[in-house]
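Peer 1:
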Amino acid sequence: MGLFSFLKNAGAKLFGKDDAPKEKSAVDQMADEVARKQKESLLKSLAEGLGIEVENLSVSYDGDTVTVWGQVESQA
Numbered sequence: 000m001g002l003f004s005f006l007k008n009a010g011a012k013l014f015g016k017d018d019a020p021k022e023k024s025a026v027d028q029m030a031d032e033v034a035r036k037q038k039e040s041l042l043k044s045l046a047e048g049l050g051i052e053v054e055n056l057s058v059s060y061d062g063d064t065v066t067v068w069g070q071v072e073s074q075a
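Residue 60 in numbering that gives the first Met the number 0 sits at position 61 of the sequence shown; the count goes up by one each step and never skips.
1) Could you tell me how far apart the beta carbons of Gly69 and Leu56 are, in whole angstroms, since I believe they sit closer than 8 angstroms?
2) Excluding the five sequence neighbours on either side, which residues of its own chain have a C-beta within less than 8 angstroms of the C-beta of Glu54, listed in chain order?
3) Can you list, in chain order, the residues of its chain whose CB lies under 7 angstroms from that of Glu39, leaving out five sequence neighbours each side?
4) Can you tell me which of the three DSSP states Gln70 falls into?
5) Straight-line CA distance for Ser44 to Lys21?
6) Would the beta-carbon of Val67 fall within 8 angstroms of that of Ala34?
7) Starting from Val58, follow the beta strand (DSSP E) in both directions and report where the run begins and ends.
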């Protein structure tokens, strides 16, 4: 443990900083899910708009990571 991490932890304990993450309400969770689905839909339509024939196109979005999956005839 370095000096700075010690000071950070000691300060958090002295000033009562709560390290426990706050639970999201059901409304916030639903809003996050709707936003994620909208982003997935937008990304999928952008991929389809490229004019490349892709079978079983699937796009998933999770924070900063986007996974695009599908099958094409060739890579050329």
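Even for Gly, the Cβ is constructed at its ideal location relative to N, Cα and C.
Peer 2: Reading off the structure:
1) Taking the first residue of the sequence shown as 1, we reach residue 69 at position 70. Taking the first residue of the sequence shown as 1, we reach residue 56 at position 57. About 4 angstroms separates the Cβ atoms of Gly69 and Leu56, confirming a contact at the 8 angstroms cut-off.
2) Reading the sequence shown from its first residue, position 55 is the one you call residue 54. Here the set comprises Gly69, Gln70, Val71.
3) Counting from one through the sequence shown, the residue named residue 39 turns up at place 40. Result list for Glu39: Val58, Ser59, Tyr60, in chain order.
4) Against the sequence shown, residue 70 aligns to sequence position 71. In the three-state scheme derived from DSSP, where H, G and I count as helix and E and B as strand, Gln70 is classed as strand.
5) Reading the sequence shown from its first residue, position 45 is the one you call residue 44. Reading the sequence shown from its first residue, position 22 is the one you call residue 21. Taking the straight line from one Cα to the other gives about 35 angstroms.
6) Numbered from its first residue, the sequence shown carries residue 67 at position 68. Numbered from its first residue, the sequence shown carries residue 34 at position 35. If you check the CB distance, Val67 and Ala34 do not come in under 8 angstroms.
7) Within the sequence shown, residue 58 is the residue found at index 59, counting from 1. Taken as a continuous stretch (DSSP letters only), the beta strand (DSSP E) holding Val58 covers 54 to 61.
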